[in-house]
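**Q**
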Amino acid sequence: MIRKLHCLLRLHSPVNRTVYRQRAPTLFSRSYATTDDANRNANADPKSNNKSNKRAGTTSSSKSLPAIRNPFAAAQDKTKNTYLTMVEIFEERDVHRRNHVEFIYAALKHMPDFNVEHDLEVYKALINVMPKGKFIPTNLFQAEFMHYPKQQQCIIDLLEQMEDYGVMPDYEMEAMLLNVFGNKGHPLRKYWRMMYWMPKFKNLSPWPLPDPVPDDTLEIAKLAVERMCTVDLRSKIDVFETREIKDSLDDTWIVSGMSPEQSKLLREHSRQKALYIEGPFNIWIRNRRINYFTLRADADAQFLAQLDERQVDDDDVTQIGVPFFGRAPPRRHNQLGKLRSVHQQDDGTIFAICATGTSTKDSLLSWIRLLEARGYASLGEIPVLFRFTSSVPAKAEEIEGPANMPAQTSDTASSHREEHTETGSRP
Amino acid sequence: MRYNLISRAVRLLNQSHNQRGNYLLKRVASSSSSSSSGSLNQRDEQPQATEATTEASQSELPAREPLVKNFFVGITDKELLGYPEVIAREEMSQLKTALLPLNNYFAEQQSQSQSQLESLTQLGLYGLNVPLEYDGKGYNWSASLMASESEAGHTSLALGLQSHRIVVDMLRELGSEEQKQRYLPSLATGQVIATDAIFEYTPPEDDFFGTQAIYDTVTGSWTLSGEKAFVVTAPVGTRQLFLVLAQTQQLNVPGNIGMGSTFFLVDSQQQGVKLGELHATFGCREAPMRRLHFDKVQLRQDQILGSAHEGNRHAEHLVRSSRLRTTQSGIALAKRLLQQLTAFSVDTTQCGVQIKDLELTRANLSQAMCSIYAMESMLYLSAGLLDEFLGQDVTLESAITKYYTLQQLHAIATQSLGLLGPRSLHQGEPAEMALRDTAQLCTQGESLSTLSMFIALTGLQHAGQRMNEGVRKSRNPLFHPGHIFGKFMGRSSLESPKTGMLLAENVHPTLEPAAQCIEHSIARLHMAVDLMFTRHGNAVVERQIELQRVANIASIIYAMWASAARASRSYCIGLPLADHELLTASAICTQGRDDVLRLATDVFNGNYVNNDNNLLRLSTQVAKSKGYFAVHPLTFNF
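Same order as they appear, the protein sequences are chains A and B. Going left to right, the first sequence walks through residues 117 to 543 as my numbering numbers them. Going left to right, the second sequence walks through residues 981 to 1618 as my numbering numbers them.
#1: On the CB-based measure, 16 or more other CB atoms within 10 Å of its CB, does A:TYR221 come out buried or exposed?
#2: Where A:TYR312 and A:MET284 are concerned, what is the direct C-alpha to C-alpha distance, given to the nearest angstrom?
#3: Does any residue of chain A have a CB that is nearer than 8 Å to the CB of B:PHE1618?
#4: Taking C-beta pairs closer than 9 Å, name the residues in chain B that A:ILE243 reaches, listed in chain order.
#5: To the nearest angstrom, report how far apart B:VAL1583 and A:PHE397 are at their CA atoms.
#6: Mind checking if B:GLN1424 is an interface residue toward chain A, Cβ cutoff 8 Å exclusive?
#7: Of the residues B:ASP1337, B:THR1077, B:GLY1133, B:SER1166, which one's Cα is nearest the Cα of B:GLN1319?
#8: DSSP beta-bridge partners for A:ALA468?
#9: Would the beta-carbon of B:SER1136 fall within 8 Å of that of B:ARG1265?
#10: What alpha helix (DSSP H) runs, 4 residues minimum, are completely inside the segment 302-327 of chain A?
#11: Since A:ILE484 and A:MET344 are thought to touch, with beta carbons under 8 Å apart, how far apart are those beta carbons, to the nearest angstrom?
#12: Does B:GLY1444 come within less than 8 Å of chain A when only Cβ atoms are used?
#13: In chain B, which residues lie with their C-beta within 9 Å of the C-beta of A:GLN378?
#14: Compute the Euclidean distance between the alpha carbons of B:SER1248 and B:LEU1154, then round it to the nearest angstrom.
#15: Which whole runs of the beta strand (DSSP E) in the segment 1247-1325 of chain B are 3 residues long or more, in chain order?
#16: Who are the neighbours of B:ASN1456 on chain A, taking C-beta pairs under 9 Å?
#17: Take the Cβ of A:ARG309 as the centre, count every other Cβ of all protein chains shown within 10 Å, and call the residue buried at 16 or more, exposed below.
#18: With DSSP run on the structure shown, which of helix, strand or coil describes A:ARG405?
#19: Could you name the residues of chain A that B:LEU1440 contacts, counting a contact when the two beta carbons are closer than 7 Å?
#20: Within the same chain, show all residues whose beta-carbon is closer than 6 Å to that of A:SER145, passing over the 5 residues directly before and after it, in chain order.
#21: Pair every Cβ in the segment 1373-1384 of chain B with every Cβ in the segment 1046-1057 of chain B, then say whether three or more of these pairs are closer than 8 Å.
#22: Hey, could you find the ends of the alpha helix (DSSP H) B:THR1199 is sitting in?
#23: Measure the C-alpha to C-alpha separation of A:SER176 and A:VAL329 and round it to an integer number of angstroms.
#24: Taking only beta-carbon atoms, is B:MET1447 less than 8 Å away from chain A?
#25: Does A:MET310 get closer than 8 Å to chain B when you measure Cβ to Cβ?
#26: Any C-beta of chain A sitting closer than 8 Å to the C-beta of B:LEU1437?
#27: The segment 343-376 of chain A: which residues have C-beta closer than 8 Å to a C-beta of chain B, in chain order?
#28: What residues from chain B crowd round A:PRO439, counting only those whose CB sits closer than 9 Å?
#29: Note the first and the last residue of the continuous beta strand (DSSP E) segment covering A:GLY373.
#30: At least one CB of chain B closer than 8 Å to the CB of A:LYS318: is that the case?
#31: Between B:ALA1177 and the rest of its own chain, which residues show a CB-CB distance below 7 Å, the 5 nearest in sequence each way excluded?
#32: Assign B:THR1307 to one of two classes, buried (16 or more other C-beta atoms within 10 Å of its C-beta) or exposed (fewer than that).
#33: Going by CA-CA distance only, name the one from B:GLN1227, B:TYR1085, B:PHE1052, B:SER1473 that's closest to B:ILE1284.
#34: Residues bridged to A:ILE353 by DSSP?
#35: Exposed or buried, what is B:PHE1616 when buried is set at 16 or more other beta-carbons lying within 10 Å of its beta-carbon?
#36: Go ahead and pull the three-state DSSP assignment for B:VAL1172.
In structure tokens form, the structure reads like this:
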């Protein structure tokens, strides 16, 4: 009953909400950007920040921490070890552990810098900063009216960050939270909700990635091409080296995916009709982007029309074929022995996909030459056109430009920057 | 021949029924439109005809409507409940005496040696079905099947002989006069042994066969190249004649439309024919199976059997004959298994109880008995139909005979394992050999699943032509409200179908409940087919699970039909243990009715209720995961 009442209060009274907001300003403006970004944010939204500065004395910016120095911004050696050491130092500095909430918020914000945002151990260390027993409510009213709300909200934010980074808590964390907030604590409830949903989402992807995802671009490119090739279970992934081609400029790798069905389509492709290499398109493997290209031709309109035009009269049951000698039984749409494969789409027929180490025109040319050498001799006679489409027009230019361009993969976190440098380096 | 004593007896017993109603069968071909008076007239004519004809079946009756195909449309030919007696009485005794040496030879001959081939030739086993004018014995289907019973006990041996006879059957039916003159005499004496070479290891993705024959317009000859597998070969040094089915392309017709196949008769001594390596087979180890290579074999125009590019049509003759003859070996094997099982359960006592007295064993033995009874009845009914009527369509009957036989044989063979215990799998044990032979029979050539598809599709093909009008109306209900309304008003339901076939009139009264079972089952099959057509239209060919159900229903019905017909005949003429035959037939029919009802209910329930949908959904994941996809049961997630 009382809990419900409390919830209603939280939902319906704006006063209450603002109180929480003011006390814990980072709650609603979580940001994983670097310090400079955060500063920029703060500038962009000065009103709220100023307010919170006055009220709670804490902001997302390290400079405005009033009482304590932000050791995370100053740290030279940004590793997990230093991070944990700093948490340890804070714990041992004085018995009262003053400003531990502010410390935790600062620590949370700097996790990506230390590359520990996926590390459960670090989160536990932060929770461990909280004093044990003090925040456990002793009566019903305390329990329902969020005893020590700032502290509780702080840990809820910590848990939220874990959730956002996909870090699954464990039972030890439950015990820690119990020790800090008791079993009526809101962080505990958050924890339990997380433990309900996160395991369910953890393995939901139909294309599970290895854990950890390899760091090598080639490996990631293989994963990406493999993932895209799942449309046809017979697909094969080949990794070529452009070195095999004599006059190739780039020395790089090419991950090429093709299925027997596609080989057949390619062999049967008319020599008169051009092939296109299209791209780069993006595929994301966790937080890495891979550019890939397709080898395609315009849709075989005649063939597709033949399939569509043939008005199959479903009601006519007088023409049922019977197979002999264990051959595959006839399919309704296969009575002429023709079946549309998944690669024959309305907007084109896709023969192969690839990702190359450099994403340059030259490497793609090498790809065609390599395919030609591997039994698709007709590729030499068919005109192959490059058709680069990209959401970033500069990218297309860059691909057509000189061969010594940087690798095509880039981390999400720094993608903006990289884009910038690339455009900058272009003559 | 059909309408002699037995039908007379049946008819006498059923006088009262006949007076009640003259049910007209929807039949085109036959003049005997089955009103009782019509049949009686015909029966009077029949004995004279019987006397006039010889066994060579010159005067076959005109063909009837196909029996099982019509089950799909809900029509029965109840005249065919009279079990065919195609071998006349005098010939039967002659045949019996003629087969005596064969039986003796196989009964006493245990250790087979080099002289085997000679003795087989001497016994005339190679000429059983070669016509008399070509130095053969001239047996018809029934007689040659009967004659092959003796050797069928040796499955490996039977496999070779069977293959030989299939080619002879093909020659008899499709061969030109010149071809018959050339091949049949030497085939009859066993100088040349014939084998069919149809199947291949890895058939190409889009064509029928990898073996190809190309016509040379200048010389007028064909060049055959390719490879066949699983060819049962004769002992070394014998001349062989291979019946090869090869892919051919019609001249002037490009692409898929011009693609066909052609049967060629290839002599083993021709240039370019090469025997390949021996297959180490699981069962039937004494029948050497090899690959066969053709390296640009030059063939003359007159080596084509039938007409060129018509192989698919001619193949029907081939499969019909091979199905019937394989069934014979299957039955022999099943009989042998049952014998072993019975002997074992009589001889063995466990804890003071004889195994034969245990209820489970008794049920198992009886089940096996029923199955074998049904197989045998089906085989000789199908063969009888072939012999009795000119050009009778027994495509479905022969397919079902093989399908049912192999299915049941497999069941018997595996069941015996449970009964005999672990010792049944010791190497060299009779049960082990039988199991191996069973596996070989079940997988060699047409597999069971293909057969079932064939059965269902053939039946649906026939039914589709006849039911098209109704199906079109049912599928467009708003255009044909009257049709739908009539369907709604119909009072026939799956559980209690309304039938007016009066099948009981044509069997002994004891079998009236059995006849009722058959009637109901046929009505259910018809309903299921109608529903499938209405639901899926011609997309029904893709509904393989349902097709399999329909195939099972059809084969159960034919088994019921054949057993009831046979039991009725046996009891009416008082054969030994005929009362138990009645019991067997009743058991088969009761069991069959329940099975048919279950299968038909599955069809009626549709894929969401009967679990098909779940299975299909699962299969996509299995394919994606390339096999078993669940993780270990003890896996932690966090």
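Glycine included, every Cβ here is placed at the ideal spot set by N, Cα and C.
**A** With the given structure in hand:
#1: buried
#2: 11 Å
#3: yes
#4: Ordered by position in chain B, no residue passes the 9 Å Cβ test against A:ILE243, which lies about 17 Å from the chain.
#5: 47 Å
#6: no
#7: The shortest C-alpha to C-alpha distance from B:GLN1319 to any of B:ASP1337, B:THR1077, B:GLY1133, B:SER1166 is the one to B:GLY1133.
#8: A:LEU411
#9: In this structure, B:ARG1265 lies closer than 8 Å to B:SER1136 by Cβ.
#10: Within the segment 302-327 of chain A, the complete alpha helix (DSSP H) runs of at least 4 residues are 302-318.
#11: Going by Cβ atoms, the distance from A:ILE484 to A:MET344 rounds to 19 Å, so no, they are not a contact pair.
#12: yes
#13: What A:GLN378 touches in chain B: nothing, since even the nearest Cβ is about 14 Å away.
#14: 21 Å
#15: 1253-1259, 1269-1279
#16: Here the neighbours are ASP431.
#17: A:ARG309 counts as exposed, since fewer than 16 other C-beta atoms from the protein chains shown sit within 10 angstroms of its C-beta.
#18: strand
#19: ILE436
#20: Confidence in A:SER145 is poor, its pLDDT being 37 and thus under 50, which makes the residue's placement unreliable; the coordinate value appears in the next sentence. Excluding sequence neighbours, A:SER145 sits near nothing in its chain.
#21: yes
#22: Element bounds for B:THR1199: n/a, residue is neither H nor E.
#23: Summary for A:SER176: the model assigns pLDDT 44, below 50, so the residue's position carries little reliability; its value from the coordinates is reported in the next sentence. The straight-line gap from Cα to Cα measures roughly 31 Å.
#24: yes
#25: Output row for A:MET310: interface = no.
#26: yes
#27: THR346, LEU349
#28: THR1430, MET1433, PHE1434, LEU1437
#29: 369-374
#30: Closer than 8 Å to the CB of A:LYS318 there is at least one CB belonging to chain B.
#31: LYS1208, VAL1211, PHE1222, LEU1223, VAL1224, LEU1272
#32: buried
#33: When each option's Cα is compared against that of B:ILE1284, the closest is B:GLN1227.
#34: A:ILE353 pairs with A:GLY373.
#35: exposed
#36: strand
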